[in-house]
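What follows is one structure encoded as structure tokens, with my remarks underneath.
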Amino acid sequence: MMRRRAFAHSPLHHAGFIQLRLPAFWLYVVVVAITGIVAVGEQNLFREISPGGWLLSWGLVIVYAAPVAMLVYFLDLYEREPIPLLIAAFVWGAVAATTLSTIGNAGWGVVVARIGGPEFAARWTAALTAPFVEETLKGLGVVLIVLIARDEVDDVMDGFVYGALCGLGFAVVEDVFYFVAVFGGDVGGVFEGFFVRVIASGLYSHVLYTGLVGMAVGTFITRRDGRPRLERLGPAALLAGAAVLGHFLWNSPILEFFPAHPWEGAEWFLIPLATAVKGLPLLLFVVLAIRLAHARERRWLRAELMREVEQDAVTPAELSILERPGERRRSRRAIRDRAGDRASDVLGRLQREQINLAMVRSRVASENDPALLRQRALCRSLRDALEAIPGAGSAGLVSRPAPADR
Amino acid sequence: MTSPPPPPPPAVNVPTRPDAFPGTGRPSRRWLPTGLVALVMSVTVLGGFVVAGTLPVPDVQAVAMGGVVTIHPLPGWEVAHREQVSLPSVSGGFLSGEFAQLTRGNGALDLLVLPEVGGEALALADLYAGEVLGHQLERLSVTDRIEQILLRNGLEAVRFGYIGSEPQSGSSVEGSVTVGVSPAGNGVIFDGWAFQGQLELIVEELTSMTDGAEVA
């Protein structure tokens, strides 16, 4: 029998993707619809050039993209983003950003050629146009998501998730283009392209660049930072600048150790080394930024919920479990073993609503705000419901604080 | 005598979710930031063309090659390279001619003139695909369909498309080749090409220059 997923939606997730009254939604729809016509035309052309290679290309990029999308999704430790919005971010990157970037890169490429001349343009156009044009256009997708569903983007990690998925969409379509149009589109060419662009370079691609741009957007609009927006502009610019710089380095002739084609023997091993020289610093920077963002989220959660301990909405034991996603899972497994699926479901919901409580706290101005009081009451009553299930209240997982601690 | 019914399981009242929080209200429409997004998008996509239009364009005179063809480059196009060339003929000898490349940054028009080559345009197209493109590009794919066209200057010609990649950079190149042989037997080849799907953006200019060329 299928278990019911009764509490899948958070009360804070009341802003879906389809927001007919918001101009940002219509801007998104119109741009994706128009660019979609061009994108479909391009895919049709690839399908005509090499039907088998085109299909194989999509199969391979899906094999790559699916686990990356899952990884990005689960990097958001406390409040996973709604799937429709994540799909919207992916589609923007895959359809709108790719198509518009082709036009934008061409226009700014003419500027580079007029200023620098044909020889300079041949070496530097890709580095001087794509990082600025593509990161702007992908970043605008994240901004549109924010404008469509403002309540869903709370902090830096949310921005990273939307940005990374937008970048993944872009990378997937670009990879198919390269497999068919650059690497020839036959089986050997597609696998060669897969090796170069995914196995050797996949860790350093648009997912990182736009993840950083998304973090910049998240930093600027966060509700969890007491500093005025003007002061947040600096860190946001630093993150976006790192993305552009990483992309610039990748496209430029600087530090170019890529062996000349055709590759033979040991040259195949040089390819991952050559890509690592350019891409690894940015990857390490992103890993560091994510760790800092996680630490920042943990501090925020602790600070908000510490004040709820005395209100009995969260116990100290629950708080220490809530801070660590692994502990949350372990506690649900433990209670399932002791008290069954129902208890595990209720505990899961209690944990979600306690995290939502922290979010409600950060959105209200007063301790007596009706929304906060209601969320508090919900948490208490969920704990009461859990304790009413035989076997669920033991082992301190949901134990109430002693009166003296309140 | 019947036994008493078992006691009911303990009631578990899972509270229902509260409604949306009061005061949440409808979000504002956010016209201004949406307008700013549209503005930044427009500037990013189209700004390059606008800025390029304000930059000085080298004044390019008509390009005459070997007394066979004269081409009038459009604004923004300039001659990047000219040289005398020879390529192997089908019969085993060599054909001498003149090569010029016009460019505008994101694309180029290669011109090859082969005086007194004679024969059919189709045979010359085959020769160009095999002996020139085949040596310049890797993974060359040439369209199956060859179009018979009549240029504005009255020259009968054939046109085909191709896609390939540059051996050194690995960059993808797509192009459209127009080949004609004048009644005087002079062969002329126009090869308009660009990187990464950008051919569409310059195809009108390429067609205009090709169709407007004067061929003797």
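Line order of the protein sequences matches chains A and B. Following our numbering, the numbering of the first sequence begins with -6 at its first residue and continues without gaps. Following our numbering, the numbering of the second sequence begins with 11 at its first residue and continues without gaps. Just so you know, even glycine gets a beta-carbon here, dropped at the ideal spot from N, CA and C. All figures in this text were calculated on a predicted structure; none of them were measured in a lab.
- When Cβ pairs closer than 8 Å are counted between the two stretches, the region 157 to 170 of chain A is seen to touch the region 44 to 54 of chain A, the count reaching three or more.
- Considering only beta carbons, the part of the region 74 to 107 of chain A lying closer than 7 Å to chain B consists of L93, T95, I96, G97, A99, G100, W101, G102, V103, V104, V105, A106, R107, in chain order.
- Restricting attention to beta strand (DSSP E) runs no shorter than 3 residues, the region 86 to 171 of chain B encloses them at 88 to 98, 104 to 113, 117 to 124, 148 to 152, 157 to 160, ordered along the chain.
- Looking from the CA of A:T95, the closest CA among A:E35, A:D148, A:A82, A:I42 belongs to A:E35.
- In the three-state reduction of the DSSP assignment, B:G197 falls in the strand class.
- If you check each beta-carbon in the region 110 to 121 of chain B against every beta-carbon of chain A, the ones closer than 7 Å belong to T113, R114, G115, N116.
- Excluding residues up to 5 positions away in sequence, G202, W203, A204, F205, Q208, L209, L211, I212, L216 lie with their Cβ nearer than 8 Å to the Cβ of B:G117 in the same chain.
- In the DSSP assignment, A:I76 falls within the unbroken alpha helix (DSSP H) covering 76 to 84.
- The beta carbon of B:P43 sits closer than 8 Å to some beta carbon of chain A.
- Fewer than three beta-carbon pairs drawn from the region 131 to 138 of chain B and the region 117 to 137 of chain A are found closer than 8 Å, and the two stretches are therefore not classed as touching.
- Here B:R114 really is in contact with B:G86; their C-beta atoms are around 5 Å apart, less than 8 Å.
- In the structure shown, B:A74 falls within a strand segment according to DSSP collapsed to helix, strand and coil.
- By the CB criterion at 8 Å, A:Y71 and A:E290 fall inside the cutoff.
- Within the same chain, and ignoring the five residues on either side of A:L68 in sequence, no residue has its Cβ closer than 6 Å to its Cβ.
- Bounds of the beta strand (DSSP E) holding B:S186 are 182 to 191.
- Residue pairing by DSSP places B:A204 opposite B:G117, B:E184 in a beta bridge.
- DSSP, read as helix, strand or coil, puts A:S374 in helix.
- Proximity of chain B to A:V166 at the Cβ level (cut-off 7 Å) is not reached, the minimal Cβ distance being about 11 Å.
- Excluding the 5 residues flanking it on each side, A:Q368 has same chain C-beta neighbours closer than 6 Å at L350, V353, in chain order.
- The Cβ-Cβ distance between A:F125 and A:G207 does not fall below 8 Å.
- Between B:T54 and A:L196, the alpha-carbon positions lie close to 27 Å from each other.
- Taking A:F213 as the centre and dropping the five residues before and after it, the same chain places the C-beta of R225, A229 closer than 6 Å to its C-beta, in chain order.
- Counting the other CB atoms within 10 Å of its CB gives A:P246 a total below 16, which places it among the exposed residues.
- Scanning its chain for C-beta atoms nearer than 7 Å, with the 5 sequence neighbours on each side dropped, one finds around B:P98 the residues F104, E141, in chain order.
- Neighbours of B:V168 across chain A, judged by C-beta separation under 7 Å, do not exist; the nearest C-beta is about 20 Å away.
- For a Cβ distance threshold of 7 Å, residue set R14, L15, P16 of chain A lies close to B:R39, ordered along the chain.
- For A:G239, not one C-beta of chain B is nearer than 8 Å to its own C-beta.
- Along the region 6 to 68 of chain A, the beta strand (DSSP E) does not occur as any fully enclosed run of 3 or more residues.
- If you look at A:V175, you'll find it isn't in any beta strand (DSSP E); DSSP assigns it neither H nor E.
- Judged by DSSP in its simplified three-state form, B:E224 adopts strand.
- Here DSSP, grouped into helix, strand and coil, assigns B:G63 to helix.
- The Cβ of B:G86 sits closer than 8 Å to at least one Cβ of chain A.
- Using a Cβ-Cβ cut-off of 8 Å, A:L140 counts as an interface residue toward chain B, since at least one Cβ of chain B sits closer than that to its own.
- Assignment of A:V146 by DSSP, reduced to helix, strand and coil, places it in the coil class.
- Annotation: A:H287 to A:E127 spans about 27 Å, alpha carbon to alpha carbon.
- Sequence-distant Cβ neighbours of A:G384 in its own chain, meaning closer than 6 Å and more than five residues away, are R331, A332.
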